[in-house]
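In the UniProt record's numbering, the protein residues as written are 464 to 658. Here a beta-carbon is modelled for each residue, glycine too, at the ideal position from N, C-alpha and C. These figures come from a predicted structure and were not determined experimentally. A short worksheet on the structure shown next.
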Ligand code: B4P
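Next up, the structure:
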């Protein structure tokens with residue numbers, strides 16, 4: 464597929480542990496800056512809803528707190544980015560990359576990223592938030608056992624992504640221990656530097 468449509472569009476990766484507040488900040492960013500929001504978690508859950516065999520496999524992995532195959536996520540992202548390119552000034556890619564190979568492959572096949580926003584919260588805080596959300600979310604992964612596995616996946620596979628972008632001077636970190644509005648102030652400082 465031809466990626467020319469994506470030229471000159473800002474690309475922001477939003478990375479954080481499970482329950483760190485990525486989705487929450489992305490909603491605010493969309494309201495203020497108008498970027499196109501693509502959450503890989505949401506895209507995967509939509510695929511699961513479609514009740515295909517592929518969906519079943521994805522659901523099983525998510526229930527285990529594991530990453531789904533890289534190709535699946537990349538295809539979903541590329542498809543949605545191209546589809547929405549016309550009216551978009553840039554993309555917020557929420558929940559991606561979750562491992563170093565995802566980062567490399569995206570930049571090689573789709574486009575280079577401009578900024579990585581790291582939404583940082585500690586494990587205890589993230590666990591508390593997810594257990595709270597689990598009371599009403601109906602998500603297969605918002606339970607104590609899966610949360611532990613998701614945290615492990617985050618530390619083992621996603622932290623190296625942050626190191627990678629730190630070295631490239633593209634990392635901006637916000638303190639997501641704070642209430643959402645306070646976090647968003649820090650987010651704005653990082654994004655305002657970008658334009
Ligand atoms: P995601 O859907 O990304 O799940 P998540 O990490 O929990 O983030 P989410 O955006 O839902 O929650 P948020 O932190 O905003 O991924 C789910 C699964 O999909 C993964 O485990 C994996 O299996 C798969 N997957 C996704 N992307 C993949 C990829 N690229 N490659 C491979 N596999 C992939 O918020 C959590 C809660 O905290 C909310 O209830 C919110 O209200 C609350 N909250 C947020 N900010 C707060 C604050 N500042 N103060 C108090 N509460 C706050």
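#1: Identify whether residue 628 lies in helix, strand or coil by the three-state DSSP scheme.
#2: Are residue 628 and residue 579 touching if we call contact CB-CB under 7 Å?
#3: Give the single residue among 556, 509, 526 whose Cα lies nearest to the Cα of residue 492.
#4: Expressed to the nearest angstrom, what Euclidean distance is found between the alpha-carbon atoms of residue 657 and residue 496?
#5: At 3 residues or longer, what runs of the beta strand (DSSP E) sit wholly inside the stretch 533-567?
#6: Any chance the CB of residue 485 is under 6 Å from a heavy atom of the ligand B4P?
#7: Quick one: what's got a C-beta closer than 7 Å to residue 603's C-beta in the same chain, skipping five residues either side?
#8: Using CA atoms only, rank isn't needed, just tell me which of 625, 504, 498, 607 is closest to residue 475.
#9: Mind checking whether residue 487 and residue 643 have CB atoms under 7 Å apart?
#10: Do residue 612 and residue 479 have their C-beta atoms within less than 7 Å of each other?
#11: Take residue 553 as the anchor and find which of 470, 600, 598 has the nearest alpha-carbon.
#12: Would you give the residue range spanned by the beta strand (DSSP E) that residue 485 belongs to?
#13: Can you find a heavy atom of the ligand B4P that lies under 6 Å from the Cβ of residue 525?
#14: May I ask you to check if the CB of residue 662 is nearer than 6 Å to at least one heavy atom of the ligand B4P?
#15: Which of the three DSSP states, helix, strand or coil, is assigned to residue 596?
#16: At which residues does the beta strand (DSSP E) containing residue 499 begin and terminate?
Considering the structure as presented:
#1: Working through the chain shown from its first residue, we reach residue 628 at position 165. DSSP places residue 628 in helix when its eight states are reduced to three.
#2: Looking up residue 628 in the chain shown gives position 165. Looking up residue 579 in the chain shown gives position 116. Yes.
#3: By one-based count along the chain shown, residue 492 stands at place 29. Checked all of 556, 509, 526; the closest Cα to residue 492 is 556.
#4: As a first step, residue 657 must be located in the chain shown, where it is residue number 194. As a first step, residue 496 must be located in the chain shown, where it is residue number 33. C-alpha separation (whole angstroms): 11 Å.
#5: 553-557
#6: Here residue 485 corresponds to residue number 22 of the chain shown, with the count starting at 1. Because some heavy atom of the ligand B4P lies under 6 Å away, the Cβ of residue 485 counts as near it: yes.
#7: In the chain shown, counting from the first residue as 1, residue 603 sits at position 140. Hits under 7 Å: 522, 525, 526.
#8: As a first step, residue 475 is located in the chain shown; it is residue number 12 there, counting from the start. The option with the nearest alpha carbon to residue 475 is 498.
#9: Numbered from 1 along the chain shown, position 24 holds the residue referred to as residue 487. Numbered from 1 along the chain shown, position 180 holds the residue referred to as residue 643. Yes.
#10: Mapped onto the chain shown, residue 612 falls at position 149. Mapped onto the chain shown, residue 479 falls at position 16. No.
#11: In the chain shown, counting from the first residue as 1, residue 553 sits at position 90. Comparing Cα-Cα distances from residue 553 to each of 470, 600, 598, the minimum goes to 470.
#12: As a working mapping, residue 485 is identified with position 22 in the chain shown. Residue 485 -> not in any beta strand (DSSP E); alpha helix (DSSP H) instead, spanning 485-496.
#13: On the chain shown, residue 525 is found 62 positions in, with the first residue counted as 1. Indeed, a heavy atom of the ligand B4P lies less than 6 Å from the Cβ.
#14: Since the first residue shown for the chain is 464 and the last is 658, residue 662 is missing from the structure and cannot be characterised.
#15: Locating residue 596 in the chain shown gives position 133, counting from the first residue. The answer is helix: DSSP assigns residue 596 an H, G or I state.
#16: Walking along the chain shown from the start, residue 499 turns up at place 36. Counting along the chain, the beta strand (DSSP E) containing residue 499 begins and ends at 499-502.
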